[in-house]
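Protein chains in written order, with our numbering: chain F, 14 to 239; chain V, 15 to 66; chain B, 4 to 255. Positions of the beta carbon are idealized from the N, C-alpha and C atoms, including for glycine.
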């Protein structure tokens, strides 16, 4: 019997579908990236273009821009499927919704979070990030953006059919610890301390977050169908 | 031989110039390649549609 | 004579006529445009004398300056055809925007990247926030926004008109880039090309640059016509003339 495979097949089905849909319209893939870069650009325009000044702010600016662009991009997770009825079909099908949510979160992260890591490389040039902080920045962003996708899915599920700003307002306060931890990784690296302790903390959040937040998101989806 | 060496290295700054040249050529190539692919795809779909 | 030209221009507005004209034109123009481009590039990069201050690295100018000029020109063209699309609802004008936007974005990207790579050995940094560079970056963002806009709208006509509107509005940035060098104290070198005053380079250098600019413009024309042909075929797939054309293509 293929019992063992069906969960995995279901996961891959949803994941592939979401990825194909996102990459068909180049906009879904490109827009969060460009938004991230624009937000980065706004800071020097507003605050001043001194190299030394910007480099002290660089890690914080990159993190805030990452937060904003991943959370504003959550519209694409559930809204389209809700509108054309695909979400109904997914729920009726009897397959576990938990896996559906997990697949959708992964798809969202691959489309918004992963390109963001590449864009953050460019933004280190724009903001003159000090040498040696590149690795802590990338790894903290790697874990942080996945957590943000998890939270974003929760926000998106709660606000199906409404604007992205509403879900951002709900989720941003919840994402403050991620922001604080993420920047702490980089500042402790700047001070020459061992920054791995903060990474373990982020890892713990991920470990709790993946099951916990996906569970919460499935509940949130069902609320919309009462 | 000397001329080619000079052209390649450009007194140590060759890497910058050649990187820019390659980046430029790749971008131009992509801009020609993508529409041609599109046209090929349309022709292929059309011939498949006729065969059905 | 003028009437003939007018008639020909108006007939160019119909997709089938434009398509056949563009296909024929490209047959002989493709090689010419590549020839012009290669002449300019090889002359500049291979044969122009080295700069007194910057040595050999300044040769990036032969790619950087034409790309920057083209990035701005394409946006201007998009604004012009955008207004044609909005005012007269010409389908071909709308299709022009979809063809031109990625090309303009590519050239702006080339200008930014070549500028950054040029800046590292000459100014010591990959990037600096001066007026000209910032305006070019913003131009790139404008392009990205337009591309994102029309690719997210399913209805093609609506997408065209939305993109036309935003390119007309955004065209104000072009004079700002031109004026930026006058308005702000910048690190960036002062404008190499002005129509009224003499260039600040020796003829050995600005002649190949001129040829490069001409070469780039001709490549631009080839690219635009090529993309427009693809766009026309894709959009008008269900019309009889396209079916006819594709049937003829199949027989070859």
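Taking residue i as the reference, give the member of the options with the closest Cα.
| i | options | result |
| --- | --- | --- |
| residue 90/B | 139/B, 167/B and 77/B | 167/B |
| residue 84/F | 124/F, 39/F, 33/F and 95/F | 124/F |
| residue 222/B | 33/B, 11/B, 28/B and 6/B | 33/B |
| residue 119/F | 216/F, 62/F, 186/F and 31/F | 31/F |
| residue 230/B | 16/V, 34/V, 52/V and 60/V | 52/V |
| residue 46/V | 146/B, 42/B, 82/B and 103/B | 103/B |
| residue 115/F | 60/F, 225/F, 235/F and 155/F | 225/F |
| residue 126/F | 234/F, 208/F, 96/F and 80/F | 80/F |
| residue 139/B | 58/B, 92/B, 73/B and 161/B | 73/B |
| residue 149/F | 25/F, 230/F, 107/F and 207/F | 207/F |
| residue 32/V | 111/B, 49/B, 164/B and 24/B | 49/B |
| residue 60/B | 161/B, 248/B, 120/B and 136/B | 120/B |
| residue 94/F | 169/F, 25/F, 204/F and 205/F | 169/F |
| residue 85/B | 40/B, 137/B, 149/B and 127/B | 149/B |
| residue 35/B | 244/B, 137/B and 217/B | 217/B |
| residue 234/F | 219/F, 178/F, 111/F and 132/F | 111/F |
| residue 155/F | 196/F, 98/F and 138/F | 196/F |
| residue 158/F | 103/F, 86/F, 97/F and 70/F | 86/F |
Using the Cα positions of residue i and residue j, report the straight-line distance between them to the nearest angstrom.
| i | j | result |
| --- | --- | --- |
| residue 182/F | residue 142/F | 29 Å |
| residue 23/V | residue 224/B | 33 Å |
| residue 30/V | residue 105/F | 58 Å |
| residue 246/B | residue 252/B | 10 Å |
| residue 90/F | residue 20/B | 44 Å |
| residue 34/F | residue 42/F | 10 Å |
| residue 136/F | residue 174/B | 26 Å |
| residue 175/F | residue 171/B | 31 Å |
| residue 130/B | residue 166/F | 36 Å |
| residue 195/B | residue 64/B | Confidence in residue 195/B is poor, its pLDDT being 41 and thus under 50, which makes the residue's placement too unreliable to answer from. |
| residue 28/B | residue 83/B | 23 Å |
| residue 189/F | residue 217/F | 16 Å |
| residue 20/V | residue 153/F | 44 Å |
| residue 202/F | residue 212/F | 11 Å |
| residue 67/F | residue 132/B | 11 Å |
| residue 236/F | residue 127/B | 57 Å |
| residue 22/B | residue 53/F | 42 Å |
| residue 41/V | residue 173/F | 40 Å |
| residue 30/B | residue 233/B | 15 Å |
| residue 200/F | residue 219/F | 21 Å |
| residue 25/F | residue 185/F | 29 Å |
| residue 124/B | residue 122/F | 37 Å |
| residue 61/V | residue 38/F | 26 Å |
| residue 162/B | residue 88/B | 11 Å |
| residue 205/F | residue 145/B | 40 Å |
| residue 40/B | residue 193/F | 52 Å |
| residue 227/F | residue 109/F | 12 Å |
| residue 133/F | residue 28/V | 28 Å |
| residue 79/B | residue 142/B | 11 Å |
| residue 61/F | residue 75/F | 16 Å |
| residue 198/F | residue 82/F | 20 Å |
| residue 16/V | residue 35/V | 21 Å |
| residue 206/B | residue 42/B | 16 Å |
| residue 57/V | residue 5/B | 38 Å |
Shorter than 7 Å, the distance from the beta carbon of residue i to the closest heavy atom of the ligand FAD, or not?
| i | result |
| --- | --- |
| residue 237/B | Only the bare structure without any ligand can be found here, which leaves the ligand FAD out of the picture. |
(request) Compile a chain-ordered list of the residues in the region 33 to 50 of chain V whose CB is closer than 9 Å to at least one CB of chain B. (result) 33, 34, 35, 37, 38, 41, 42, 44, 45, 46, 48, 49 and 50
(message) Beta carbons nearer than 9 Å to chain V: which residues of the region 103 to 128 of chain B have them?
(response) 105, 106, 109, 110, 112, 113, 116, 117, 120, 121, 123 and 124
(message) I'd like to know if the region 52 to 69 of chain B and the region 201 to 221 of chain B are in contact, where contact means that at least 3 CB-CB pairs between them fall below 8 Å.
(response) yes
(request) Would you check if the region 234 to 249 of chain B and the region 98 to 110 of chain B touch, i.e. whether three or more CB-CB distances between them fall below 8 Å? (result) Short answer: they touch.
(message) Can you pull out the residues from the region 36 to 61 of chain F whose beta carbon lies closer than 8 Å to at least one beta carbon of chain B?
(response) Those would be 38, 39, 40, 41, 43, 44, 47, 50, 51, 54, 57 and 58, in chain order.
(request) With 9 Å as the limit, tell me which residues of the region 228 to 253 of chain B have their beta carbon closer than that to any beta carbon of chain V; keep them in chain order. (result) So the list reads 229, 230, 231, 232, 233, 234, 236, 237, 240, 245, 246, 249, 250, 252 and 253, given in the order they occur along the chain.
(message) Quick check on the DSSP output: what are the complete alpha helix (DSSP H) runs of length 4 or more inside the region 35 to 99 of chain F, in order along the chain?
(response) 39 to 60, 64 to 85 and 88 to 97
(message) For the region 44 to 56 of chain B, list every residue whose C-beta sits within 9 Å of some C-beta in chain V, in sequence order.
(response) 44, 48, 49 and 53
(request) Report yes or no: do three or more beta-carbon pairs, one from the region 17 to 26 of chain F and one from the region 54 to 63 of chain F, lie closer than 8 Å? (result) no
(request) Could you list the residues in the region 154 to 177 of chain B with a C-beta less than 8 Å from some C-beta on chain F, going in chain order? (result) 154 and 155
(message) Residues of the region 137 to 151 of chain B in Cβ contact with chain F at a cutoff of 8 Å, in chain order, please.
(response) Flagged, chain order: 137, 140, 141, 144, 147, 148, 150 and 151.
(message) Please give me, in chain order, every unbroken run of the alpha helix (DSSP H) with length at least 4 that falls completely inside the region 31 to 119 of chain B.
(response) Runs found: 64 to 91.
(request) State whether the region 157 to 174 of chain F contacts the region 87 to 102 of chain F, with contact taken as three or more CB pairs (one from each stretch) at a distance under 8 Å. (result) Touching, yes, given that three or more Cβ pairs across the two stretches are closer than 8 Å.
(message) Counting only Cβ-Cβ distances shorter than 8 Å, please list the residues of the region 117 to 139 of chain F near chain B, keeping chain order.
(response) 138 and 139
(message) Under 8 Å: do the region 104 to 117 of chain B and the region 43 to 52 of chain F share three or more Cβ pairs, one atom per stretch?
(response) no
(request) Only counting runs of 4 or more residues, tell me where the alpha helix (DSSP H) segments fall wholly within the region 164 to 211 of chain F, in order along the chain. (result) Fully enclosed alpha helix (DSSP H) runs of 4 or longer: 177 to 184 and 189 to 203.
(request) Determine which residues of the region 61 to 85 of chain B have a Cβ less than 8 Å from any Cβ of chain V, and write them out in chain order. (result) 62, 63, 66, 67 and 70
(message) At a CB distance below 8 Å, what residues from the region 49 to 64 of chain V approach chain B? Give them in sequence order.
(response) 49, 50, 52, 53, 56, 57, 60, 61 and 64
(request) Quick one: which residues of the region 207 to 227 of chain B get their C-beta closer than 9 Å to a C-beta of chain V? List them in chain order. (result) The residues in question are 222, 225 and 226.
(request) Could you pull out every unbroken alpha helix (DSSP H) segment of at least 4 residues lying fully inside the region 111 to 173 of chain F, listed in chain order? (result) 127 to 139 and 147 to 171
(request) Using a Cβ-Cβ cut-off of less than 8 Å, list which residues of the region 29 to 42 of chain B approach chain F; keep chain order. (result) none
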